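Using our numbering, the first residue of the sequence shown is number 104, and each one after it goes up by one.
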Amino acid sequence: MIVAVDGPAGSGKSSICALVCEKLGWNYINTGFLYRTVGVILRKRAIPLDDIETVLIVVDEIAENLIWNPDTSKVNFHGEDITPLLETSEAGQDASMVAKMPAVREKLLPLQRDLTRKSSRNSIVDGRDIGTVVFPDADLKIFMTASLEERARRRFAQLKSATVDSDSVDLQVIQDDIVRRDHQDAGRGTAPLMQADDAVLFDTSSMNVVSAVDSLIDILRSKHLI
Ligand code: DC
Numbered sequence: 104m105i106v107a108v109d110g111p112a113g114s115g116k117s118s119i120c121a122l123v124c125e126k127l128g129w130n131y132i133n134t135g136f137l138y139r140t141v142g143v144i145l146r147k148r149a150i151p152l153d154d155i156e157t158v159l160i161v162v163d164e165i166a167e168n169l170i171w172n173p174d175t176s177k178v179n180f181h182g183e184d185i186t187p188l189l190e191t192s193e194a195g196q197d198a199s200m201v202a203k204m205p206a207v208r209e210k211l212l213p214l215q216r217d218l219t220r221k222s223s224r225n226s227i228v229d230g231r232d233i234g235t236v237v238f239p240d241a242d243l244k245i246f247m248t249a250s251l252e253e254r255a256r257r258r259f260a261q262l263k264s265a266t267v268d269s270d271s272v273d274l275q276v277i278q279d280d281i282v283r284r285d286h287q288d289a290g291r292g293t294a295p296l297m298q299a300d301d302a303v304l305f306d307t308s309s310m311n312v313v314s315a316v317d318s319l320i321d322i323l324r325s326k327h328l329i
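In structure tokens, the structure reads:
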């Protein structure tokens with residue numbers, strides 16, 4: 104069974120979906136890691152996004168040498184754990200730019216399907232176009248969202264606790280970054296972020312992680328998926 108979860112940055116997709124999968128023994132796939140990896144490697148090698156030919160060579164190299172561990176959500180590229188590099192705001196912003204490129208999306212599409220289908224377990228797959236493009240026939244589609252202010256507050260708290268120089272973390276800068284990403288992800292021509300017609304709207308604004316996990320499990324139960 105495949106559950107597609109789409110929604111904007113900071114809506115809680117990855118933490119909620121990972122915990123639901125842990126509780127149910129399901130497979131969790133966060134497709135954003137693919138776009139983040141492309142962005143991080145291009146920046147590391149100083150390859151400009153308008154050099155499409157080289158960008159696509161790098162995407163092929165990533166497809167062949169990237170290993171995603173569904174149990175730990177860790178990402179290895181050429182044998183190196185690159186997970187910490189993918190978790191920064193800069194990586195999210197770079198991923199969003201890369202994600203605007205139709206040729207990149209086309210190459211990453213079969214990878215997302217293979218990663219999901221090769222698992223013998225049921226899967227929750229999260230991203231921006233999972234219910235609309237990657238798995239339009241998913242058994243259940245969820246559109247997860249939260250207010251802009253709440254998404255910014257969550258990201259702020261997360262960065263504050265993870266950053267050594269926590270005084271440098273600024274709520275307004277984070278909110279501006281989210282607005283920019285929303286605009287890029289929902290405004291692009293190919294596979295924009297949007298709620299599929301048959302998706303269930305799931306607003307986590309007033310929920311903490313524990314209650315959101317319980318509510319999502321309730322939805323799965325009400326749809327007879329568990
Ligand atoms: O979910 P995330 O924040 O890790 O995603 C990073 C960026 O990747 C996001 O801003 C848009 C892009 N993305 C996408 O376009 N399609 C997906 N299925 C997943 C992510």
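We put the beta carbon where it would ideally sit given N, CA and C, even for glycine.
Here the structure is a predicted model, which means the values were calculated and not measured.
Range of the contiguous beta strand (DSSP E) that encloses residue i
{"i": "Phe-305", "result": "303-306"}
{"i": "Asp-229", "result": "226-230"}
{"i": "Asp-109", "result": "105-109"}
{"i": "Thr-219", "result": "Counting along the chain, Thr-219 falls outside any beta strand (DSSP E), though it belongs to the alpha helix (DSSP H) covering 205-220."}
{"i": "Leu-189", "result": "Segment 186-189 is the alpha helix (DSSP H) holding Leu-189; no beta strand (DSSP E) there."}
Contact test: residue i Cβ vs ligand 1 heavy atom, cutoff 7 Å
{"i": "Thr-186", "result": "no"}
{"i": "Ser-199", "result": "yes"}
{"i": "Ala-166", "result": "no"}
{"i": "Asp-306", "result": "no"}
{"i": "Thr-140", "result": "no"}
{"i": "Ala-302", "result": "no"}
{"i": "His-266", "result": "Note that residue 266 is Thr in the sequence shown, not His. No, since every heavy atom of ligand 1 falls outside the 7 Å radius drawn around the Cβ of Thr-266."}
{"i": "Ile-119", "result": "no"}
{"i": "Arg-284", "result": "yes"}
{"i": "Arg-231", "result": "yes"}
{"i": "Thr-235", "result": "no"}
{"i": "Ala-241", "result": "no"}
Classification of residue i by the beta-carbon crowding that lies within 10 angstroms, buried from 16 upward
{"i": "Asn-130", "result": "buried"}
{"i": "Asp-197", "result": "buried"}
{"i": "Lys-116", "result": "buried"}
{"i": "Arg-220", "result": "exposed"}
{"i": "Gln-275", "result": "exposed"}
{"i": "Thr-79", "result": "Absent from the structure is residue 79, since the part of the chain shown begins at 104 and ends at 329."}
{"i": "Pro-187", "result": "exposed"}
{"i": "Ile-160", "result": "exposed"}
Endpoints, the alpha helix (DSSP H) within which residue i is located
{"i": "Met-200", "result": "192-201"}
{"i": "Phe-259", "result": "251-265"}
{"i": "Asn-168", "result": "155-168"}
{"i": "Ile-329", "result": "From DSSP, Ile-329 is part of no alpha helix (DSSP H); its letter is neither H nor E."}
{"i": "Ile-245", "result": "No alpha helix (DSSP H) contains Ile-245, which is instead part of the beta strand (DSSP E) from 243-248."}
Whole-angstrom C-beta distance between residue j and residue i, which should lie under 8 Å
{"i": "Ser-114", "j": "Thr-235", "result": "Contact flag wrong, Cβ pair sits at about 16 Å."}
{"i": "Ile-233", "j": "Thr-134", "result": "7 Å"}
{"i": "Ala-294", "j": "Arg-208", "result": "6 Å"}
{"i": "Asp-301", "j": "Val-108", "result": "That belief does not hold up - the Cβ atoms of Asp-301 and Val-108 are roughly 14 Å apart, past 8 Å."}
{"i": "Asp-288", "j": "Ser-192", "result": "Actually they do not touch by this definition, with Cβ atoms about 15 Å apart."}
CB contact flag (residue i, residue j, <8 Å)
{"i": "His-303", "j": "Ile-227", "result": "For clarity, residue 303 is Val in the given sequence; the question names His instead. No, these two residues do not count as a Cβ contact at 8 Å."}
{"i": "Val-201", "j": "Leu-152", "result": "yes"}
{"i": "Ile-119", "j": "Ala-241", "result": "no"}
{"i": "Ile-105", "j": "Val-143", "result": "no"}
{"i": "Arg-254", "j": "Ile-281", "result": "yes"}
{"i": "Leu-189", "j": "Thr-140", "result": "yes"}
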